[in-house]
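Scroll down for the structure; my scribbles are underneath it.
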Amino acid sequence: MRKITYLEAIREAMQQMMREDENVYLLGEDIAEYGGAFGVTVGMLEEFGKERIRNTPISEAAIIGVGIGSALTGMRPIAEIMFSDFMTIAMDQIVNQAAKIRYMFGGKAKVPLVIRTAGGGGTGAAAQHSQSLEALFTHIPGLKVVMPSCPYDAKGLLISSILDDNPVIFIEHKLLYKNKKYMQHVPEEIYRIPLGKGDIKREGRDITIVATSFMVQRSLEVADILESEEGIDCEVVDPRTLRPLDMDIIISSVKKTGKVVCIEEACYFGGFMGEVVSQIVEKAFDYLDAPVLRIAGRDCPVPYSLVLEEEMIPSVGRIKKGMLDLLGRF
Amino acid sequence: MRKITYLEAIREAMQQMMREDENVYLLGEDIAEYGGAFGVTVGMLEEFGKERIRNTPISEAAIIGVGIGSALTGMRPIAEIMFSDFMTIAMDQIVNQAAKIRYMFGGKAKVPLVIRTAGGGGTGAAAQHSQSLEALFTHIPGLKVVMPSCPYDAKGLLISSILDDNPVIFIEHKLLYKNKKYMQHVPEEIYRIPLGKGDIKREGRDITIVATSFMVQRSLEVADILESEEGIDCEVVDPRTLRPLDMDIIISSVKKTGKVVCIEEACYFGGFMGEVVSQIVEKAFDYLDAPVLRIAGRDCPVPYSLVLEEEMIPSVGRIKKGMLDLLGRF
Amino acid sequence: MREVINMRKIKVSDYEIEDRFSGVSKALKLEMLKKMYEIRYFEEQAEQLIIRGKIHGTCHLYVGEEATAVGAIYALNKDDYITSTHRGHGHCIAKGADLKLMMAEFLGKKTGYCKGKGGSMHIADVEQGNLGANGVVGGGIGIATGAALTCKMKKNGKVVICFFGDGAVNQGIFHESVNMASIWRLPVIYLCENNQYGMSMPVKEAFNIERLSDRRIAYGIDGLTIDGNNIVEVFNVVSHFVERCRKGLGPVLIESLTYRWKGHSKSDAQVYRTREEVKAWMQKDPIERYKRVLLGEGIITPDDDRKLRAEVENEISEALKFAEESPFPEPSEVEEDVYA
Amino acid sequence: MREVINMRKIKVSDYEIEDRFSGVSKALKLEMLKKMYEIRYFEEQAEQLIIRGKIHGTCHLYVGEEATAVGAIYALNKDDYITSTHRGHGHCIAKGADLKLMMAEFLGKKTGYCKGKGGSMHIADVEQGNLGANGVVGGGIGIATGAALTCKMKKNGKVVICFFGDGAVNQGIFHESVNMASIWRLPVIYLCENNQYGMSMPVKEAFNIERLSDRRIAYGIDGLTIDGNNIVEVFNVVSHFVERCRKGLGPVLIESLTYRWKGHSKSDAQVYRTREEVKAWMQKDPIERYKRVLLGEGIITPDDDRKLRAEVENEISEALKFAEESPFPEPSEVEEDVYA
Ligand SMILES: Cc1ncc(C[n+]2csc(CCOP(=O)(O)OP(=O)(O)O)c2C)c(N)n1
Ligand SMILES: Cc1ncc(C[n+]2csc(CCOP(=O)(O)OP(=O)(O)O)c2C)c(N)n1
Ligand SMILES: [Mg+2]
Ligand SMILES: [Mg+2]
């Protein structure tokens, strides 16, 4: 069974959907000859030509504006914003236009636009190229927000996103793209993973970890360590789509374990996990044996220096320690 | 003792600080002759002239960019973004530049910029002129976020914001500006309310309400009703600044009452109150008699029609009902 | 597409333009006048509703600018696209909107174009090619550009008119979009309605150039400034460029000089301009001017005109009646229509 | 300010420019050469560090473009301002940065300009008027404009040079900022370093105009295109406009034609351009060219040049040594410096 990388899974999803539907096309900066800053679209120009692999000037707001306008009139664009930090340049287009058009128009229009972007740190790219800004999008009704943590999910979720009639923010993680460690069997055919359906990445009895994107991988590492070193059996829940959010899967797990840690790479204060914690409290309060712990990025911009960056982003060590502390409280 | 409106309090703060410090100036759309879309700056052109009451073209990104650049070089700009919805147009400037410059430069620069903007709904202005987007800013390290709920706080907080050496997002509420009902005694002299210090707007024993901006006023109304109709004694806590957040005042109140409702106008999912709830759970779990309830805007854009808008934004009726339901669970 | 051979040429700015208007049918010429009246009367009705406090919200009236919307949109085919602005009633009506559904929307009724969810600033009729008004200044410019990309990619021969005000020309999205349309040669007409002010900001203060259409040079596209109160000129010039767009010759930037008679929105003391200035522009009423053309050409008589106006007044009353009698949406509908 | 009376005039584009360079002291002319070497050697060292995997992160090398940064910044006074870009080492060095502190920052050390928090893309030295590199394309343009507003409001006689690449010219913030500077007549020089590509995007594909400086027309300001590999021309033209800025005559848009010799950043296969093209531009090496001028004027001898290069090489080694021996920041410092 072939194994492919996260990046290859994403590329394959786009290739297959472009073969299926001529309305699907890509637009973004340096996606043609260059193949995208991370190489995701390498080779696609050759197959699909430059009308459908559409290099743009550095104009993020117009990239999204054009995506919206073409989606509204029958195309199914996949817009690439090179780094998720630059989504902010197109924020009005995303928040005030893409997300709201359908509602403002009384349901009489649709905007089937996928915005792919690379989020997260760990690459030494510092404050303006490393952010995890998903919380800015999950709060906006009208958007869907997807953050795959592995190749299998990436392909199935991207296909669903392309088929979805709503604007979807699809946030990829730079550290997942090419790392062979995360290669996985991914079916060659087209398949979908429904948006709004989480996944148990590891079953366990003792404690629930809710994590997103790259932090799912890190959580799995910690889970293995905790199991072998401490005999603690963690369940790792990956919501996969942050909006709509599969609270059921989280709540079931919490009811089973009674203990939860929420792990995200984004800055702690005001992060997405606040929503998860709040809903757990609202829906499973009586099952909780202890407060819900959040482990997240430090409350600062992502620093450049390796030592600082490693301190800023939740590390295996920090997650492990946080969990042991929490378990100590029980 | 004179009583003034929220709008007058804001104007007075700016006037007095401009008299104190010639580096303070205003820039924004239609703030000069027109006096601002809501009339906040009426009369200021006459006193300060057009160099310091600086009308700009409709260019939100540059308004903030110029504010940042001038703040970095010794001025203390107060930039006005007419509706908080349009902050998204300047989002890169706010999130990637203003908030991060100090950190990226290793603490060797400062950006004393105040961004005033009008948030909230209730005016029939629909989806693109009514949002409560504070959660997009509270998540960003480097920003401070202030949301005054009454004239006294507005003046003292705005003065502190102008004197602060960091970028401050100062979100005013349209329904508070001119409503005589909310007029208050406001000292004529310059005074400060520290950023990061919450306030108990009403003391009570039975339940804690944490609310922001206009929802503080609405909560006070509900508190009166619950007291007279049901004999329930609510404590209303207004954090006033959302970042930095005065968790101490909230936790003390929770420890006293054991029950909390968090009320905000913003859309429910992913709203700022998720942070408040999470921190309450982290810090006062053992004091909670019941889950923490959130009452917030519905998960949709703000609709135009009055009946829908009233349904979207937490009303006195909805808040009251939500609280009674919660209390029923104890 | 209309026949262009042997057509008289007129000179507008640096361009030789075919006088297509002279070849337009009487019926269509009359229809254009009717549309102008519909806009004028709709707006006057809207103003009354605002004044009488019947509207929860605000609106931006198009009175005085009718020639631009009607002249430009009548240069399109029915299935071409437009994007509109916060001051969008005029474009909407010219694009063939049902006045009943518009009025119902304005009153926040369930029967309105947007089921009461959008209101004055968001009326859209995507089916008919109206991609919507927009509450964000410049908000439609990227969208129009994207619609033009669809037209190009689907090779459907359609053209887009993107309306926006002078104020929008200083928004970043204008710059990015027009450049993109230029390098991709998209079939889109950027039509700037220069009504002399962006809210209270005079064009003279917001720009350091005389003619906003000169910005075309920055993008290497065609462009010119026209008399936006002269519907014949608007029609001819836009028709000319619509045809060029359909041929794949790329976008154009047209500045249409006009004036808004009313305040910017509900509450505008208009301290930024003089009564004299307003009066002077009211002398240049685009409707009166067009009527003189039609009277001159013998297409209408004063009596026809009176009848036409009565007819339109009646339509507006009907629309209002429909709107007033329509139900409000149910509160329970509030979270519907967020997602497809 | 330098003396301008009786200065020889040269013609650059449509402008008559004073040949200020001819009046510059020998010492300063030599210093300019030295700065160019500093940039070149700093970048070559940086590249080595990247290749040898010593850098956690990336950087964007300025090799080939030295004449623009040095020529422009030497037209400023020490206390004037600049804003820089992701490709910022050159501007930073020309503005007088300490190579040790730069190298330390590049290596993520506590002794670096930003205590290791910023890195290559965020080196700043606000005290000395360097308002910072910027990782966002176009990110410095609003900031430069604001700094110029400070200069104007404080009447401090200072001027700002805003550096940005050709790619940034299609960002909305460029448009909004330049317009604002124009209407307010701010003392800012918008200096576009057109190195022919924005990452992989050729200027010819991103623009539908020949000369990016033509965008000046959209804002009603001065502007022209210059040979960015000719430091004498850069110096003369920028000096000319610096003086105009100081007199309150408003902003200018200068396009400086140059070329980056190296890949865009760490990982660039350079499929979008040919080796021949790169070689052809390397023939136009701005340093060699300037050296010929100085040799011709008898200001240096080949031997002086050798010494100068050895001196600079030594400085770079010292800087590297300093950086390598410096400590990393402590993890505990991570949440410091967020707020003032
Ligand atoms: C991005 C944005 N900024 C500010 C506003 C507030 N506003 C609404 S209309 C308007 C003036 C627009 O001027 P112009 O584009 O010339 O259109 P006009 O109103 O003159 O038709 C302003 C500032 C807005 N709606 N959107
Ligand atoms: C807003 C934004 N979009 C995209 C990028 C990724 N990026 C970094 S440099 C660059 C090319 C910039 O081209 P140009 O402005 O010409 O500068 P050059 O690199 O040629 O010096 C791109 C696309 C970015 N940093 N910021
Ligand atoms: Mg206008
Ligand atoms: Mg370049």
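Chains as they are written, first to last, in my numbering: chain G, 1 to 330; chain H, 1001 to 1330; chain L, 2001 to 2340; chain W, 3001 to 3340. Even for Gly, the Cβ is constructed at its ideal location relative to N, Cα and C. No experiment lies behind these values; they were computed from the predicted model shown.
Give a single yes or no on whether Tyr-2197 of chain L has its beta carbon closer than 7 Å to a heavy atom of ligand 3.
yes
For Gly-2296 of chain L and Val-2232 of chain L, what's the separation of their Cα atoms in angstroms?
13 Å
Hey, is Asp-1092 of chain H close to ligand 1, as in C-beta under 7 Å from one of its heavy atoms?
no
So Arg-1202 of chain H is in the beta strand (DSSP E); what residue range does that whole segment cover?
1199-1202
Between Lys-3291 of chain W and Leu-3033 of chain W, is the Cβ-Cβ spacing less than 8 Å?
yes
So, helix, strand or coil for Tyr-2081 of chain L, using DSSP?
strand
Taking Cβ-Cβ distances shorter than 8 Å, what residues in chain W pair up with Gly-124 of chain G?
Ile-3055, His-3056, Gly-3057, Thr-3058, Gly-3108 and Gly-3119
At a Cβ threshold of 8 Å, is Phe-3136 of chain W touching chain H?
At residue 3136 of chain W the sequence reads Val, which differs from the Phe that was named. Judged by the 8 Å Cβ criterion, Val-3136 of chain W is in contact with chain H.
Quick check on the DSSP output: the alpha helix (DSSP H) that includes Val-40 of chain G runs from which residue to which?
Counting along the chain, Val-40 of chain G falls outside any alpha helix (DSSP H), and DSSP gives it neither H nor E.
Let me see if you follow: with CB-CB separation under 8 Å, is Ala-2104 of chain L close to chain G or not?
no
Note the first and the last residue of the continuous alpha helix (DSSP H) segment covering Ser-1161 of chain H.
1151-1163
Same chain, Cβ closer than 7 Å to Arg-3216 of chain W, five either side skipped, listed in chain order
Asp-3222, Gly-3223 and Leu-3253
How would you write the range of the beta strand (DSSP E) that Pro-339 of chain G sits in, first residue to last?
Any answer about residue 339 of chain G is impossible in this case: the structure gives chain G only from 1 up to 330.
Just the C-alpha distance for Ala-84 of chain G and Val-145 of chain G, rounded to the nearest angstrom, thanks.
First, the amino acid is wrong: residue 84 of chain G is Ser here, not Ala. Their backbone Cα atoms lie some 13 Å apart in a straight line.
Would you verify that the beta carbon of Phe-2241 of chain L is, or is not, closer than 8 Å to some beta carbon of chain W?
no
Can the beta-carbon of Thr-138 of chain G be found less than 8 Å from the beta-carbon of Phe-1269 of chain H?
yes
According to DSSP, is Tyr-2163 of chain L part of a helix, a strand, or is it coil?
Note that residue 2163 of chain L is Phe in the sequence shown, not Tyr. In the structure shown, Phe-2163 of chain L sits in a strand (DSSP, three-state: E or B).
Which residues, in chain order, does the region 74-102 of chain G contribute to contact with chain W at a C-beta distance below 8 Å?
Asp-85, Phe-86 and Ile-89
Compare the C-beta of Lys-1110 of chain H with all C-beta atoms of chain W and state if any pair is closer than 8 Å.
yes
Check whether the Cβ of Val-2178 of chain L sits closer than 7 Å to any heavy atom of ligand 1, and report yes or no.
no
Pairwise C-alpha distance: Gln-1279 of chain H and Ile-1209 of chain H
15 Å
Starting from the beta carbon of Arg-2215 of chain L, find every residue of chain W whose beta carbon is closer than 7 Å, and list them in chain order.
Ala-3218
Give the single residue among L:Lys-2095, L:Lys-2115, L:Tyr-2037 and L:Glu-2315 whose Cα lies nearest to the Cα of Ser-2326 of chain L.
L:Lys-2115
So who's on the other strand from Asp-3125 of chain W, going by DSSP bridges?
W:Asn-3130
So Asn-3195 of chain W packs on Gly-3165 of chain W, CB below 8 Å; how close in whole Å?
7 Å
Can you round the beta-carbon distance between Ile-3226 of chain W and Val-3012 of chain W to whole angstroms, since I take them to be within the 8 Å contact cut?
6 Å
Considering Phe-105 of chain G, what are the terminal residues of the beta strand (DSSP E) in which it resides?
That residue, Phe-105 of chain G, is in no beta strand (DSSP E); it is neither H nor E in DSSP.
I need the straight-line Cα distance from His-2240 of chain L to Ser-2022 of chain L, nearest angstrom please.
13 Å
Residues that DSSP places opposite Asp-224 of chain G in a beta bridge:
DSSP lists no partner for Asp-224 of chain G.
Below 7 Å CB to CB, which residues in the same chain sit around Asp-3429 of chain W once its five sequence neighbours on both sides are set aside?
The requested residue 3429 of chain W is not part of the displayed model; chain W covers only 3001 to 3340.
For Lys-3421 of chain W, does the three-state DSSP call read helix, strand or coil?
Since the displayed chain W opens at 3001 and closes at 3340, residue 3421 of chain W lies outside it and no answer follows.
Which of the residues in the region 56-74 of chain G, read from start to end, lie with their CB under 9 Å from any CB of chain W?
Thr-56, Pro-57, Ile-58, Ser-59, Glu-60, Ala-61 and Ala-62
Check each candidate in H:Asp-1289, H:Ser-1219 and H:Leu-1133 and name the one with the smallest Cα separation from Lys-1321 of chain H.
H:Ser-1219
CB-CB under 7 Å to Leu-45 of chain G, same chain, minus the five flanking residues each way: which ones, in chain order?
Ala-32, Glu-33 and Ile-53
Among all the DSSP beta bridges, which residues are the ones paired with Ala-211 of chain G?
G:Ile-263
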